[in-house]
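In case it helps, mature numbering (1 follows the signal peptide of the UniProt record, and there is no 0) puts the sequence shown at residues -22 to -1, 1 to 533. Data block below; observations after.
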Amino acid sequence: MDPSRLLFLIFTLMSPFECSEPAKLQCVESDKERFILLEGEAFYIMPYDLTETYYPDEEFTWYKNDSRISNDESKNVHYHGGALYFLNVSAEDSGFYHARRNYSSGNCSNHYVVIKVVDDINKALYVGENNSHGSLLLYCPNTVTAICEVFRGNLSWMKDFKLLQDQKDEDLWIENIVKEDAGIYTCTCTWEHNQRVYKSSGSRRFKPEIREHHQPRPVIISPAEKEIFADEGYGITLNCTVLCGTNVERDCHASWEPVNGPAFKERHGYHVKTSVANERNNTYATAVLTIDRVSSEDLQTEFKCTGKGFYDEALKGLRINGRVSIVALAIRGACVLFIAVLGAVLVKCFAIDLTLCFRRYCPRRSQKKDVGMYDAYVVYQMQSMDKATEETLCQFISNHLPSVLEEKCGYRLFIHGRDDIPGEDHLELVEARMKQSRRLMVILTPGSGSGCDITDQHPASPHSSMTEGLDWQLGLHRALVQREMSVILIEIGDIGREGYKHLPPGLQHLILHRAPIRWPEGSRGAASWNSRFWKRVRFQMPATPANECSQSAII
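Structure, rendered in structure tokens:
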């Protein structure tokens, strides 16, 4: 066979098979729609992605659970012009619906709808509305407005299934909300199909949250102080917090303002952030002022925290003070410490001088009990001492002691040999004068030497030795046992290595607690009443001489 004929035969046989292979169909899948319908009402569904209101029935086929739906308009459930009709919804109408559209090109599209029928309106409510104050705009559900638009129906509104007069718009406006506005609001469309009237509705529950409003005078919580400390050249943050009242977010404001000059938000390096918050129904406004670098000008500026409410406002000023450096604080502390130490040293050194200066003007209460005819009873010994010590003692007793204490200071002393009366009973004299004296002045001398005679200018010798002297015994008894008088100890001469061992035990005990005042024999100015020695003696003497006390008592 001719090869060309063979090829022609093969081509002729293959061509019909290639041309007769059917093309694959391409279907577009749409998203699934869900509807909750109220039993007894009517409903109209046109797939959401279709733009026309009518399509030829030949293009559409509707199915319920894979069972084909009729396009007979006398049926309660039928399709027409691409739309699915439910003219009298019943519980049996719940299920899965599927619409298939076939195009002339051979392609197709699938639309899916899930229908759930309920008999309780509370189960068919659309998303509710909540509001706390002001007004509210309630919208009629799109499914209801779409039906009214297609069938040119009539809209009406009901509240709790009671008709609201003159409310025929798609939106319902509720003004000045109060608690009584709570309830179920139903938008109803009444429409006709094949000369029969049907009803479609959609309901929303409105629950207003009425909150208590209270607007007292704003109270500034922060800053609490009128001044703060900061380091110059460093950043700082200032908080202005204002309590405006209860649930008053709209009328609560806080701000930072300078007393003079432009606002902080217009200055470079200053940043202000404001916020309003509710905490347990209390409304707080906060303004935070951030200063990048504190300048010397800031240290001289008064910052004003302002809180504004609906009716009133509150102000509080704040100043920034420069913080003292550590070096300056150390210097100040050192100065204070130095002054304190210096003061303590001065008081220690001049305590006697200060006391002598002020005690006559600030008498103590105990001074009223410190009364007597004599300011001091002077006791001394003239036996067992050397000639030099004896002369020194005689000079001190007869000259220096009366000259300073009596003549210059006004004190009155009782000195044996000078103030006693010859022939008078010695025991009665010592006891009486001891009771009339305010101090016991003991003159301590070394325990060895010879006696000396006292002329009319010098005191006479004691009648007994120190250990046996009546005046010594009575004086120490009144001072140590009865504690009726204070003791002034004066030391004359060199006591030596043995110290005070020759003295009575009571007197030794007294010396341990109160050091004797040493007479500076031969020193310049020792006889001066203003010398260190006499100041110490005067310090232990009564503040007011007996003569002045007796005069004030007479007055």
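Note that beta-carbon positions come from the ideal geometry of N, C-alpha and C, so glycine has one too.
Worksheet entry | Rounded C-alpha distance that separates K513 from L334 | Looking up residue 513 in the sequence shown gives position 535. Looking up residue 334 in the sequence shown gives position 356. Each residue's alpha carbon lies about 8 angstroms from the other.
Worksheet item: Can the beta-carbon of E210 be found less than 9 angstroms from the beta-carbon of G106?
Response: The sequence position of residue 210 within the sequence shown is 232, counting from 1. The sequence position of residue 106 within the sequence shown is 128, counting from 1. No. Outside cutoff.
Worksheet item: Considering only the beta carbon of each residue, do H487 and L467 sit closer than 9 angstroms?
Response: As a working mapping, residue 487 is identified with position 509 in the sequence shown. As a working mapping, residue 467 is identified with position 489 in the sequence shown. Contact: no.
Discussion item. Taking 8 angstroms as the cut-off, does the stretch 78 to 98 touch the stretch 3 to 16 (at least 3 CB pairs, one atom from each stretch)?
Written reply: yes
Worksheet item: How about P186 and L296: do their beta carbons lie closer than 9 angstroms?
Response: Taking the sequence shown and counting its residues from 1, the one referred to as residue 186 is at position 208. Taking the sequence shown and counting its residues from 1, the one referred to as residue 296 is at position 318. Result no, Cβ atoms of P186 and L296 do not sit closer than 9 angstroms.
Worksheet item: If residue 550 and G213 are in contact, beta carbons under 8 angstroms, what's the gap, nearest whole angstrom?
Response: Limits of the chain in this structure are -22 at one end and 533 at the other, which puts residue 550 out of reach.
Worksheet item: Do V91 and R12 have their CB atoms nearer than 9 angstroms?
Response: As a working note, residue 91 is residue 113 in the sequence shown. As a working note, residue 12 is residue 34 in the sequence shown. Yes, the pair counts as a contact, with Cβ atoms nearer than the cut-off.
Discussion item. Report the CB separation of I99 from S181 in whole angstroms; it is logged as a contact under 8 angstroms.
Written reply: The residue given as residue 99 occupies position 121 in the sequence shown. The residue given as residue 181 occupies position 203 in the sequence shown. Confirmed, about 6 angstroms.
Practice prompt. Compute the distance between the beta-carbons of L221 and W234, then report whether it is under 9 angstroms.
Written response: Walking along the sequence shown from the start, residue 221 turns up at place 243. Walking along the sequence shown from the start, residue 234 turns up at place 256. No. Outside cutoff.
Worksheet item: What's the C-alpha gap between H394 and D403?
Response: On the sequence shown, position 416 is the one that residue 394 refers to. On the sequence shown, position 425 is the one that residue 403 refers to. About 13 angstroms.
Practice prompt. Return helix, strand or coil for S113, following the three-state DSSP convention.
Written response: Counting from 1 along the sequence shown, the entry for residue 113 is found at position 135. Coil.
Practice prompt. Please list, in chain order, all residues of the same chain as A160 whose beta carbon is under 7 angstroms from its beta carbon, the five residues on each side excluded.
Written response: Along the sequence shown, one-based indexing puts residue 160 at 182. Counting only Cβ-Cβ distances below 7 angstroms, and skipping sequence neighbours, we find F184, K185 and P186.
Worksheet entry | Beta-carbon proximity check, R456 vs L418, cutoff 9 angstroms | Along the sequence shown, read from residue 1 onward, the residue named residue 456 stands at position 478. Along the sequence shown, read from residue 1 onward, the residue named residue 418 stands at position 440. For R456 and L418, yes; Cβs fall inside 9 angstroms.
Fill in: Per-residue DSSP class, three states only, for T123
As a working mapping, residue 123 is identified with position 145 in the sequence shown. DSSP places T123 in helix when its eight states are reduced to three.
Discussion item. If I measure Cβ to Cβ from E469 and keep anything under 6 angstroms in the same chain, skipping five residues before and after, which residues do I get?
Written reply: One-based indexing of the sequence shown puts residue 469 at position 491. Same-chain partners within the cutoff: L422, P494 and R496.
Practice prompt. Tell me, please, which residues DSSP counts as bridged to A61.
Written response: For this step, residue 61 is matched to residue 83 along the sequence shown. In DSSP, A61 forms a bridge with H58.
Practice prompt. State the CB to CB distance for the pair I198 and G285, rounded to an integer number of angstroms; the pair is presumed to be in contact (CB under 8 angstroms).
Written response: Here residue 198 refers to the residue found at position 220 when the sequence shown is read from its first residue. Here residue 285 refers to the residue found at position 307 when the sequence shown is read from its first residue. Between G285 and I198 the Cβ distance is about 5 angstroms, and since that is below 8 angstroms, they are a contact.
Practice prompt. Report yes if the CB atom of N54 is closer than 9 angstroms to the CB atom of S68, and no otherwise.
Written response: Counting from one through the sequence shown, the residue named residue 54 turns up at place 76. Counting from one through the sequence shown, the residue named residue 68 turns up at place 90. Their beta carbons are under 9 angstroms apart, which means N54 touches S68 by this criterion.
Worksheet item: Among the residues of its own chain, which have a CB less than 6 angstroms from the CB of E153, if the five just before and after it don't count?
Response: As a working mapping, residue 153 is identified with position 175 in the sequence shown. Excluding positions up to five away in sequence, the list reads S113.
Worksheet item: By how many angstroms is the C-alpha of V382 removed from the C-alpha of P523?
Response: As a working mapping, residue 523 is identified with position 545 in the sequence shown. As a working mapping, residue 382 is identified with position 404 in the sequence shown. Near 13 angstroms, if we compare the C-alpha coordinates of V382 and P523.
Discussion item. When you compare the CB positions of N225 and T166, do they come within less than 9 angstroms of one another, or not?
Written reply: For the purposes of this step, residue 225 is taken as residue 247 along the sequence shown, with counting starting at 1. For the purposes of this step, residue 166 is taken as residue 188 along the sequence shown, with counting starting at 1. Pairing N225 with T166 gives a Cβ-Cβ distance that is not under 9 angstroms.
Worksheet item: Which residues in the same chain have their Cβ closer than 6 angstroms to the Cβ of D270, if we skip the five residues on either side of it in sequence?
Response: As a first step, residue 270 must be located in the sequence shown, where it is residue number 292. For D270, where only same-chain residues beyond five positions count, the Cβ hits under 6 angstroms are G213 and G247.
Worksheet item: On the three-state DSSP scale, how would you describe H404?
Response: Taking the sequence shown and counting its residues from 1, one reaches residue 404 at position 426. Reduced to three states, the DSSP call for H404 is helix.
Worksheet item: Residues bridged to W151 by DSSP?
Response: Numbered from its first residue, the sequence shown carries residue 151 at position 173. Answer is L115, bridged to W151.
Worksheet item: Residue range of the beta strand (DSSP E) that D449 falls in?
Response: Start at 1 with the first residue of the sequence shown, and residue 449 comes out as number 471. Taken as a continuous stretch (DSSP letters only), D449 belongs to no beta strand (DSSP E), being part of the alpha helix (DSSP H) at L448 to L454.
Worksheet entry | Which of helix, strand or coil DSSP assigns to T522 | In the sequence shown, counting from the first residue as 1, residue 522 sits at position 544. T522: coil per DSSP, three-state reduction.
Worksheet entry | CB of W507 within 9 angstroms of CB of C327, strictly | Against the sequence shown, residue 507 aligns to sequence position 529. Against the sequence shown, residue 327 aligns to sequence position 349. Not a contact, by the Cβ cut-off of 9 angstroms.
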